[in-house]
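**Q** In UniProt numbering, the protein residues as written are 1 to 620. Quick reminder that beta carbons are idealized off the backbone N, C-alpha and C, glycines included. None of the values given here were measured: they were computed from a predicted structure. Supplied in structure tokens, the structure appears directly below.
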């Protein structure tokens, strides 16, 4: 039957061409309508279709009504059957039509909005009229919109952004991803004043009213706090007016609010840090400056732009801040090039190695001085430039130069003094030697009794010379002398005049004593040792003299011991040597303790140690 129904709705072949007036009226009404129309017999066969439906189907019209649809859902099929029976006067549903090339993949699927109504007239009963409106494009657009909205929702799912619309009274009509409330139902139908505290509502309302009044998009950062919960934050609020497509009148606003609380807090903290930094560097006594490289087209550094200087730098450079900021460093202070400091700064920026050096500057033209100035400069790389601080050390530099000159003069004087001391030592030694020779010469021509006294005098003179030789070895010690060194020098002189068969040994501590007292102790040792070497070993082929000294309990104990023949202590008390020995020992707070017999002689002394050392000088 599909082939018997023409595109213009002709009656099937073999049937009467006469049709009821109402059918003819149907044909006339829908023959050229832009929507597809079909009349269906009560048995489900298709009696008529117009040209629009034929074009929609893309080919021959099927014989039965159910063949018009592809995959008609059961509930829509039941509704269509109810319309046939009259249970439902009319129905409407969307369905996909079965095109003539269904399954071939040549045409996309076509969706229609189907409206069905039952016809009841005197001559026609139970017929159904179906109207097909092509909604394929609408469904495609709806799918695209749904897809776009889904992507939009996914994109905003975890974003700190809320999007919403409000009408001309600023009542919320739609919102997505609310940040400060739980769910859209809390917002829709309400205004900002219903939810926010007064200050917040006034801020955001003023911005939205401004967008509506000016008819353009506006943007600002606003602080918002909810009235009930107290929650809040800082938001970057973008507001754009909504216009009616036909009248172009503004009907509301579309808004996007992004939570920038964290960034705002960071900016606030950074601003506070900058304030603290500025306060700190402005309070510095040392000059400080920040500079950025000025480069040519090839990247070479030509100069450094002054970005910042503190008050101390303004004072040091003798010019106000506004005369420095934005200008070249070498432009305002040319001495940076002549002193080589500019090259040091270039090397710092290129290598990143910190700079610390002392630099000399001639005073700039602004101060009108021509004195050399010295600075201790410290600098570190900062982006494509550096930060530098410097300290005027001109006075310290001058003092250092003066000190160096004074030290050099002192060294010169010390060297001259040492030269004079060496010359004096040499002359004193020569004088000792000359006196000793004179005494020897005089002794050789004197009677025997006098000769012996002259020899003793010469020996005492050589004792003093021995101590002087020790002092000459170490000119830094002018007040004290090492006792063991002085006694060693003395023993060397005594051995030179002793008989070959007599030995002389020494055992002494390393103790510093005053020079004058060292001479006295050496003279004491000289008197005792000389007497032992001369008389203790008469008639013997060997002998030994031992000198020993020790320190303990603030006492210097000195003993001269020989293994000679001994002597009569009572007889010796009246002798010159004994009297001299007593006086020498007494001057140091001691007295000789003598023990002598046929096995030898021991003469000992106990000197208070504090009287021999620098302690005596301190107490004096």
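1) Please determine if the segment 43-59 and the segment 121-136 are in contact, where contact requires at least 3 C-beta pairs separated by less than 8 Å.
2) Specify, as a first and last residue, the run of the alpha helix (DSSP H) that residue 206 falls within.
3) Checking 9 Å against the spacing of the C-beta atoms, do residue 128 and residue 84 come in under that value?
4) Quick one: any contact between the segment 253-270 and the segment 287-298, if contact means 3 or more CB pairs under 8 Å?
5) Tell me which residues share the same chain as residue 211 and place their Cβ nearer than 8 Å to its Cβ, disregarding the 5 neighbours each side in the sequence.
6) Would you call the segment 536-556 and the segment 505-517 touching, i.e. three or more CB-CB distances under 8 Å?
7) Where do the N-terminal and C-terminal ends of the beta strand (DSSP E) with residue 573 fall, by residue?
8) Using a Cβ-based criterion (distance less than 8 Å to any ligand heavy atom), does residue 314 qualify as near the ligand SAM?
9) By DSSP, does residue 371 sit in helix, in strand, or in coil?
10) Just to confirm, is the Cβ distance from residue 463 to residue 490 under 9 Å?
11) Is the CB-CB distance between residue 605 and residue 592 below 9 Å?
12) Indicate the three-state DSSP secondary structure (helix, strand or coil) for residue 226 in the structure shown.
13) Tell me whether residue 110 is buried or exposed, calling it buried when 16 or more other Cβ atoms sit within 10 Å of its Cβ.
14) Secondary structure at residue 591, three-state DSSP: helix, strand or coil?
15) Starting from residue 610, follow the alpha helix (DSSP H) in both directions and report where the run begins and ends.
16) What is the rounded straight-line gap between the Cα of residue 3 and the Cα of residue 78?
17) Evaluate residue 384 with the Cβ neighbour count: other Cβ atoms within 10 Å of its Cβ, from every protein chain shown; 16 or more gives buried, anything less gives exposed.
18) For the alpha helix (DSSP H) containing residue 79, list its first residue and its last residue.
19) Is the segment 426-443 touching the segment 485-500 in the sense that three or more CB pairs, one from each, lie closer than 8 Å?
20) Going by beta carbon distance, what residues of the same chain come within less than 8 Å of residue 168, once the five residues before and after it are set aside?
21) In the DSSP assignment, find the alpha helix (DSSP H) that holds residue 304 and state where it starts and stops.
22) Beta-carbon within less than 7 Å of residue 580's beta-carbon, same chain only, minus the 5 sequence neighbours each way: which residues are those?
23) Please determine, among 354, 273, 279, the residue with the shortest C-alpha to C-alpha distance to residue 379.
24) Near residue 187, what residues of its chain come up, given a Cβ to Cβ distance below 8 Å and the 5 sequence neighbours on each side ignored?
25) Using three-state DSSP, classify residue 154 as helix, strand or coil.
26) What's the call for residue 601, buried or exposed, on a 16-neighbour Cβ count within 10 Å?
27) Quick check on DSSP: helix, strand or coil for residue 325?
28) For the beta strand (DSSP E) containing residue 162, name the first residue and the last one.
29) Tell me, which residues are paired with residue 241 by DSSP?
30) Among the residues of its own chain, which have a CB less than 7 Å from the CB of residue 14, if the five just before and after it don't count?
31) How many Å lie between residue 611 and residue 521 at the Cα?
32) Is it the case that the Cβ atoms of residue 621 and residue 564 are separated by a distance below 9 Å?
33) State yes or no: is the C-beta of residue 305 within less than 9 Å of the C-beta of residue 321?
34) What residues in its chain sit with their C-beta under 6 Å from that of residue 359, if we drop five residues either side in the sequence?
35) Less than 7 Å between C-beta atoms, sequence neighbours within five positions excluded: which residues of the same chain meet that for residue 460?
36) Roughly how many angstroms lie between the CA atoms of residue 435 and residue 456, to the nearest whole one?
**A** Quick answer:
1) Segments in contact, yes.
2) From DSSP, the alpha helix (DSSP H) with residue 206 extends over 198-214.
3) In contact: residue 128 and residue 84 (Cβ atoms closer than 9 Å).
4) With the cut-off at 8 Å, the segment 253-270 and the segment 287-298 do not touch.
5) 217, 218, 239, 240, 241, 253.
6) With a cut-off of 8 Å, the segment 505-517 and the segment 536-556 count as touching, because enough Cβ pairs lie within range.
7) Taken as a continuous stretch (DSSP letters only), residue 573 belongs to no beta strand (DSSP E), as it is neither H nor E.
8) The ligand SAM is absent from the structure shown, which contains no ligand whatsoever.
9) Note on residue 371: pLDDT 46, under 50, position unreliable in the model; the coordinate value appears next. Secondary structure at residue 371: coil, using DSSP grouped into helix, strand and coil.
10) With a cutoff of 9 Å on beta-carbon distance, residue 463 and residue 490 are scored as near each other.
11) Using a Cβ distance threshold of 9 Å, residue 605 and residue 592 count as a contacting pair.
12) DSSP, read as helix, strand or coil, puts residue 226 in strand.
13) Buried.
14) If DSSP states are grouped into helix, strand and coil, residue 591 belongs with coil.
15) Looking at the DSSP string, residue 610 is not in any alpha helix (DSSP H), and its letter there is neither H nor E.
16) The predicted position of residue 3 is uncertain, since its pLDDT is 36 and thus under 50; a value taken from the coordinates is nonetheless stated next. Roughly 28 Å separates the two Cα atoms.
17) Classification of residue 384: exposed, given that the 10 Å Cβ count is below 16.
18) Bounds of the alpha helix (DSSP H) holding residue 79 are 74-85.
19) Not touching, per the Cβ criterion.
20) Sequence-distant partners of residue 168 (beyond 5 residues in either direction) whose C-beta falls short of 8 Å from its own C-beta, in its chain, are 212, 250, 251, 252.
21) Premise fails: residue 304 lies in the beta strand (DSSP E), 301-309, not in any alpha helix (DSSP H).
22) Hits under 7 Å: 527.
23) The option with the nearest alpha carbon to residue 379 is 354.
24) Same-chain partners within the cutoff: 164, 172, 175, 178, 181, 195.
25) Of the three classes helix, strand and coil, the one that applies to residue 154 here is helix, per DSSP.
26) With 16 or more other Cβ atoms within 10 Å, it is buried.
27) In the three-state DSSP reduction, residue 325 falls in the coil class, being neither helix nor strand.
28) First-last of the beta strand (DSSP E) with residue 162: 161-167.
29) Answer is 253, bridged to residue 241.
30) With a pLDDT of 32 at residue 14, under the threshold of 50, the modelled position of that residue is not reliable, and the figure given next carries that caveat. If you ignore the 5 residues before and after residue 14, its C-beta comes within less than 7 Å of no other C-beta in its own chain.
31) Taking the straight line joining both Cα atoms gives about 12 Å.
32) Here the chain comprises residues numbered 1 to 620, so residue 621 is not present and cannot be evaluated.
33) No. Outside cutoff.
34) Correct list, in chain order: 339, 341, 375, 377.
35) So the list reads 523, 526, once near-sequence residues are dropped.
36) Our two residues, residue 435 and residue 456, have alpha carbons roughly 13 Å apart in a direct line.
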